[in-house]
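What follows is one structure encoded as structure tokens, with my remarks underneath.
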Amino acid sequence: MTPDELTRHGHAESKIPVLYEDNHVLAVVKPVNVPTQEDASGDPDLLSLLKEDLKIRHNKPGNVFLGLVHRLDRPVGGAMIFAKTSKAASRLSESVRGHHFRKMYTAVLNGVPAAPQGRLTHYLLKDSRTNTVQAVRPGTAGAKEAVLEYRVLGQVDGLSLVQIQLHTGRSHQIRVQMQAIGCPLYGDQKYGGSLSRPGQQLALWSLLAGAPHPVSKEDMSFHSLPPAQFPWSEWPVSLYESMIMPGN
């Protein structure tokens, strides 16, 4: 979905799938290539589109509150959770800080990791001027620890499908950590080097977003499967569904 397809006649047209909504929480499927929040591009962003949609659907006057508690890179699609009240935003943010907010991804890599599964720890340093991140030596000033676990679930023609559990939420974390082990993501125009081709879509998808409900404290878990197009279509839907089964 392009930014142009998300707007018609100067206002938002709701094409964003809603996974769940109550008085406190909104869970949606973020479209690919749409910024999570307003950026320098000026393109329609998810947060603004959702606020406009809430205003129209619920006939709300004035500004609508919607709290952003986690982010996805612009080229990434999939499950996201937003807060509809300031109290919910505060409590969901506490869940993020306390590592009670679950984020599971799937990605298609160029190449196959040396180990079929593992835990990766790197130290990442962001250059805000270029909006790029690199893995650096531990102890480097400004670097932040990044931790994830991955599992290889399939291989086809030099590509591998992996399941990724994030334990930290660093900028571009999955993309940079996979590049660091020699397996950049398919279609990564920023970190894929010569392995990515112009026009390829980054193959990274938010399969699951979950946390304790900010009011009831009951476990929330929202899922979204990647689109049925290359390279995702190289593997059966049942494999993606198996990743979000309890215990995985």
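Numbering (the working numbering), first residue to last: 15 to 262.
Using N, Cα and C, we set each Cβ at its ideal position, and we do this for glycine too.
Since residue i and residue j are thought to touch, with beta carbons under 8 Å apart, how far apart are those beta carbons, to the nearest angstrom?
i       : j       : result
Asp-202 : Ser-210 : 5 Å
Arg-184 : Lys-158 : 6 Å
Gln-187 : Leu-221 : About 16 Å separates the two Cβ atoms, so there is no contact after all.
Leu-139 : Val-150 : 5 Å
Met-118 : Gln-179 : 6 Å
Asn-80  : Lys-98  : Sequence check: residue 80 is Leu here, not Asn. At roughly 6 Å, the Cβ-Cβ gap stays under 8 Å, so Leu-80 and Lys-98 are in contact.
Pro-228 : His-114 : Rounded, the Cβ-Cβ distance is 11 Å, inconsistent with contact.
Gln-193 : Pro-89  : At roughly 15 Å, the Cβ-Cβ gap does not stay under 8 Å, so Gln-193 and Pro-89 are not in contact.
How is residue i classed by DSSP in three states: helix, strand or coil?
i       : result
Ser-230 : coil
Asp-141 : strand
Met-192 : helix
Lys-29  : coil
Gln-187 : helix
Met-257 : helix
Val-126 : coil
Ser-252 : helix
Thr-120 : strand
Ser-247 : helix
Ala-149 : strand
Leu-239 : coil
Arg-165 : strand
Ala-160 : strand
Gly-132 : strand
Assign residue i to one of two classes, buried (16 or more other C-beta atoms within 10 Å of its C-beta) or exposed (fewer than that).
i       : result
Val-32  : exposed
Arg-133 : exposed
Tyr-254 : buried
Gly-206 : buried
Gln-131 : exposed
Gln-263 : Look at the range of the chain in this structure, 15 to 262, and you will see that residue 263 is not part of it.
Arg-143 : exposed
Tyr-164 : buried
Arg-71  : exposed
His-237 : buried
Ala-128 : exposed
Val-46  : buried
Val-170 : exposed
Lys-44  : buried
With contact counted as at least three CB pairs below 8 Å, one residue from each stretch, are the region 114–130 and the region 231–249 in contact? yes
In chain order, each beta strand (DSSP E) run of at least 3 residues that lies wholly inside the region 197–232: 218–226
Length at least 3, wholly inside the region 31–57: the beta strand (DSSP E) runs in chain order: 32–35 and 39–44
Across the region 221–237 and the region 52–72, are there enough close Cβ pairs to call them in contact, namely three or more that are closer than 8 Å? no
May I have a chain-ordered list of the beta strand (DSSP E) segments no shorter than 3 residues that lie completely inside the region 61–113? 91–97
Closer than 8 Å is the cut-off here; do at least three beta carbon pairs connect the region 166–182 with the region 95–107? no
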